[in-house]
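Let me begin by presenting the structure, written as structure tokens, before commenting on it.
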Amino acid sequence: MLLMFLREKSLPFAVAPDLLELMKEMSKDRKLLNGITMHRNAASYKTRFCFFKTVKEALFEDLQKEFFSLNLDESTKSSNRKIVTVLVNYMTKDGNISTKHLSSCCVDSETIFQGLVQIFDKNNIPWQNLMSVLMDSCSMMKGVNAGLENGLHISVQFSAKFAVH
-2 MLLMFLREKS LPFAVAPDLL ELMKEMSKDR KLLNGITMHR NAASYKTRFC
48 FFKTVKEALF EDLQKEFFSL NLDESTKSSN RKIVTVLVNY MTKDGNISTK
98 HLSSCCVDSE TIFQGLVQIF DKNNIPWQNL MSVLMDSCSM MKGVNAGLEN
148 GLHISVQFSA KFAVH
């Protein structure tokens, strides 16, 4: 039955062992399993507001405890609006380097800085854990008066390394 399901849904057979383990685990509580319903809209909603929320909370917990670096990249959308993507790099407890998406948003130099401050403050991420910042050399990031780099130096006394590509 499992293999027929995989074939019917065009899923790779490589997921069969993991799916079988999931089925075994779920079948341990028949009452709960029989009461579960899931529709496409509900699956999308639960993924967006439950799963992603849990993943973000785990990331914020890691950033509260570990040293990390920010990687920022600015680009222009077809509508001529600027968008920045923020990634974080840090070493996990088991010694692996992890790169995770922190945020993407439409910005200018002031809103990117305020957005970072808001993320750090809201999630109790200590600025002293920020070890370096990698960003492109556009004026929004590097600007002498209003750039993100200047804002970090002045407002949060960030004195670690900046790398500009």
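Residue numbers for the sequence shown follow our numbering, beginning at -2 and rising by one.
Backbone N, C-alpha and C fix where the C-beta goes; we use that ideal spot for every residue, glycine too.
Backbone secondary structure at residue i - three-state DSSP
i      : result
VAL141 : At VAL141 the pLDDT is 48, less than 50, meaning the model places this residue with poor confidence; the figure from the coordinates comes in the next sentence. It is coil, neither helix nor strand.
PHE10  : helix
ASN126 : helix
GLU71  : strand
ASN93  : coil
LYS79  : strand
SER24  : coil
Distance CB(residue i)-CB(residue j) smaller than 8 Å
i      : j      : result
VAL185 : LYS97  : Residue 185 is absent from the structure shown; the chain starts at -2 and stops at 162.
ILE109 : PHE57  : no
VAL130 : SER66  : yes
LEU99  : VAL81  : no
LEU3   : PHE10  : yes
GLU71  : ASP133 : yes
ASN126 : LEU60  : yes
Classification of residue i by the beta-carbon crowding that lies within 10 angstroms, buried from 16 upward
i       : result
VAL83   : buried
ASP118  : exposed
LEU(-1) : exposed
Euclidean distance between Cα positions of residue i and residue j
i      : j      : result
LYS25  : MET1   : 23 Å
LYS6   : LYS28  : 26 Å
MET35  : LEU16  : 17 Å
SER76  : CYS103 : 11 Å
LEU8   : LYS43  : 21 Å
CYS47  : SER41  : 10 Å
MET128 : PRO14  : 41 Å
SER101 : ILE33  : 34 Å
ILE94  : VAL114 : 24 Å
GLY92  : LYS79  : 35 Å
ASN120 : LYS21  : 37 Å
Anticipated Cβ contact below 8 Å, residue i with residue j, distance rounded
i     : j     : result
GLU63 : MET88 : 6 Å
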